[in-house]
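These notes concern the structure reproduced below.
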Amino acid sequence: MARCSNCKAPLSPASLICGYCGNRNDIDLRGIHYYTTHESDTPRTCPRCNIRLKSLDLKLHNRFLIERCKQCMGLFFDPGELEALLEATVSNVSGIDPVGLKAINEKRPLNQYPISYIKCPVCQQLMHRVNFGAKSGVVVDRCKNHGVWLDGGELRHLFEWMKLGGKLLEQERQEQRRKEREQLEKEQRRKLKGYDDESSAFGSFSEPLRQSDPDLFSIILKAFRLFL
Ligand SMILES: [Zn+2]
Ligand SMILES: [Zn+2]
Ligand SMILES: [Zn+2]
6 MARCSNCKAP LSPASLICGY CGNRNDIDLR GIHYYTTHES DTPRTCPRCN IRLKSLDLKL
66 HNRFLIERCK QCMGLFFDPG ELEALLEATV SNVSGIDPVG LKAINEKRPL NQYPISYIKC
126 PVCQQLMHRV NFGAKSGVVV DRCKNHGVWL DGGELRHLFE WMKLGGKLLE QERQEQRRKE
186 REQLEKEQRR KLKGYDDESS AFGSFSEPLR QSDPDLFSII LKAFRLFL
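Below you can see the structure in the form of structure tokens.
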């Protein structure tokens, strides 16, 4: 059971705000990842609080910098970093646990923010809201050029999702979709080939006609000569 870093009261599952003192807890990284903070601020700003983000170094494969807002505990990952962090953190996934996957989404508190589009911390363009993986229940904000924003608590949820085989489920679904696409393409090719066969069948019908053309022509020629 995670406890509030301020008053030590137990935290309800997957909740980062303490019900007793209101303290916002770092449930995403504390006890999961060692990290150091960098004193120099990045020019990147939190899309929720509009203050400068802080750089954290998770020291995975040497330097692994991500950004965090010290107020709302939201995290920003450069493209590919979130996936790399999930891979590095969660190992020994035994298989897909569908019951567990359903349960983590049911006991998860609703996102604390109303549904809205938020700005990329780097380019300030509105980000896209995309579902992360199959049944992760997490809608992440993604800028296709700069990376992914996670609200506080969402990374913890993704660690659990991965542990319960969510990533495997996603890979299975992608494989399934790939097979369906292949099947569809195969059928379309078969149909097209069918048309080809039909047209060549007509072609073979027209062949004897063409051969008889000279005969027809000579008959007409003969008939024409009769009139001369
Ligand atoms: Zn507290
Ligand atoms: Zn913030
Ligand atoms: Zn951007």
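Start counting at 1 in the sequence shown, then tack on 5, and there's your number in the working numbering.
Virtual Cβ for every residue (Gly too), placed ideally from N, Cα, C.
Kindly indicate which three-state DSSP category I224 falls into: helix, strand or coil?
helix
Flag Q117 as yes when its Cβ comes closer than 7 Å to any non-hydrogen atom of ligand 2, and as no otherwise.
no
H162 lies in the beta strand (DSSP E); which residues open and close that run?
It is not in any beta strand (DSSP E) - H162 instead sits in the alpha helix (DSSP H) that spans E159 to K168.
Just checking A7 against ligand 1 - is the residue's beta carbon closer than 7 Å to any of the ligand's heavy atoms?
no
Less than 8 Å separating the beta-carbons of T47 and L58?
yes
From the DSSP output, in three-state form, read off K64 for me.
coil
Run of the alpha helix (DSSP H) containing V143, from where it starts to where it stops:
Note, V143: premise wrong, no alpha helix (DSSP H); not H, not E.
Element boundaries [alpha helix (DSSP H), containing G105]:
P103 to K112
R29, DSSP secondary structure in three states
strand
Just to check, is the beta-carbon of C4 closer than 7 Å to a non-hydrogen atom of ligand 2?
A query on residue 4 cannot be resolved here, the shown segment of the chain reaching from 6 to 233 and no further.
Neighbourhood of N136 by C-beta distance below 7 Å, restricted to the same chain and skipping five residues each side
V144
Given 8 Å, three or more beta-carbon pairs between the segment 67–83 and the segment 102–112:
no
If you draw a straight line from the C-alpha of L163 to the C-alpha of R194, how long is it?
41 Å
Pairwise C-alpha distance: K196 and F82
46 Å
Rounded to a whole number of angstroms, what is the C-alpha to C-alpha distance between M78 and K191?
49 Å
What three-state label does DSSP hand G79 in the structure shown?
coil
Buried or exposed, going by whether 16 or more other CB atoms sit within 10 Å of the CB of S121?
exposed
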